[in-house]
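Written below as structure tokens is the structure these notes are about.
Residue numbers (the numbering used here): 21 to 229.
Printed below as a string of structure tokens:
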């Protein structure tokens with residue numbers, strides 16, 4: 021099954037329709053009450069992130085499933101956002117950092133925003149924890165084929181942090197932040213990729229059969 025593809029924007033267009041489509045998808049897949057609620061939470065977190073993206077964002081939201089019995093929640097956007105506008109927002113901070121990129125979904129938002137502008141910038145994203153920089157944009161990098169310029173995975177990010185936690189207090193703080201994330205706790209993986217003129221986030225959730 022696949023839902024219709026719905027245009028969603030940072031000004032709120034399409035958000036209610038996307039949530040309704042999520043509910044219908046859960047009903048069609050005959051999810052139990054708990055699974056349907058958790059699946060809707062993933063959509064709510066995704067759409068809440070859309071509203072926090074730089075003004076002018078326009079993307080496409082839809083849900084489908086693959087042959088591995090996984091539900092896939094997609095958010096895609098063309099690489100056509102105004103980079104200069106984003107730079108103005110960042111430069112408005114006295115420290116020239118995007119201080120709004122808090123929490124796990126804040127990092128996903130930042131990767132999407134930067135992915136539509138510059139691959140190098142997306143890969144170099146970092147957050148400071150107690151004065152220790154954590155390069156989250158590169159810690160989750162996956163091997164990619166020639167058609168994909170950048171691929172980030174929650175599972176790879178988590179595995180990399182496990183390897184560095186004992187020796188890096190910043191990574192330990194980032195891990196604690198991840199443990200509090202609704203999406204990181206419910207989803208089986210979250211992937212952000214840049215290929216051609218498109219940036220895409222996919223939240224993967226195994227079907228409960």
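Positions of the beta carbon are idealized from the N, C-alpha and C atoms, including for glycine.
Pick from the options that is closest to residue i, judged by C-alpha positions
i, options, result
"residue 23", "130, 31 and 49", "49"
"residue 37", "56, 51, 81 and 73", "81"
"residue 73", "128, 94, 61 and 176", "128"
"residue 214", "173, 41 and 124", "173"
"residue 68", "219, 87 and 34", "34"
"residue 58", "202, 198 and 188", "202"
"residue 64", "53, 86 and 93", "93"
"residue 231", "205, 200, 220 and 31", "No statement about residue 231 is possible, as the shown extent of the chain runs from 21 to 229 and does not include it."
"residue 204", "26, 30, 52 and 126", "126"
"residue 41", "51, 197 and 83", "83"
Three-state secondary structure (DSSP) of residue i
i, result
"residue 215", "strand"
"residue 55", "helix"
"residue 114", "Model confidence at residue 114 stands at a pLDDT of 39, short of 50, so the residue's coordinates are unreliable; what they give is reported in the following sentence. Coil at residue 114, not helix or strand."
"residue 97", "strand"
"residue 227", "coil"
"residue 79", "strand"
"residue 139", "Confidence is the limiting factor: at residue 139 the pLDDT is only 44, short of 50, which leaves the residue's position unreliable and the question unanswerable from this model."
"residue 21", "coil"
Residue i, enclosing alpha helix (DSSP H) - first and last residue
i, result
"residue 43", "35 to 48"
"residue 179", "174 to 184"
"residue 204", "202 to 206"
Straight-line gap, residue i to residue j (C-alpha atoms, nearest Å)
i, j, result
"residue 28", "residue 193", "33 Å"
"residue 61", "residue 55", "10 Å"
"residue 79", "residue 225", "21 Å"
"residue 89", "residue 133", "30 Å"
"residue 85", "residue 186", "37 Å"
"residue 26", "residue 66", "13 Å"
"residue 30", "residue 97", "12 Å"
"residue 218", "residue 212", "11 Å"
Boundaries (first-last residue) of the beta strand (DSSP E) holding residue i
i, result
"residue 190", "Counting along the chain, residue 190 falls outside any beta strand (DSSP E), though it belongs to the alpha helix (DSSP H) covering 189 to 199."
"residue 87", "Premise fails: residue 87 is in no beta strand (DSSP E) and is neither H nor E."
"residue 27", "26 to 29"
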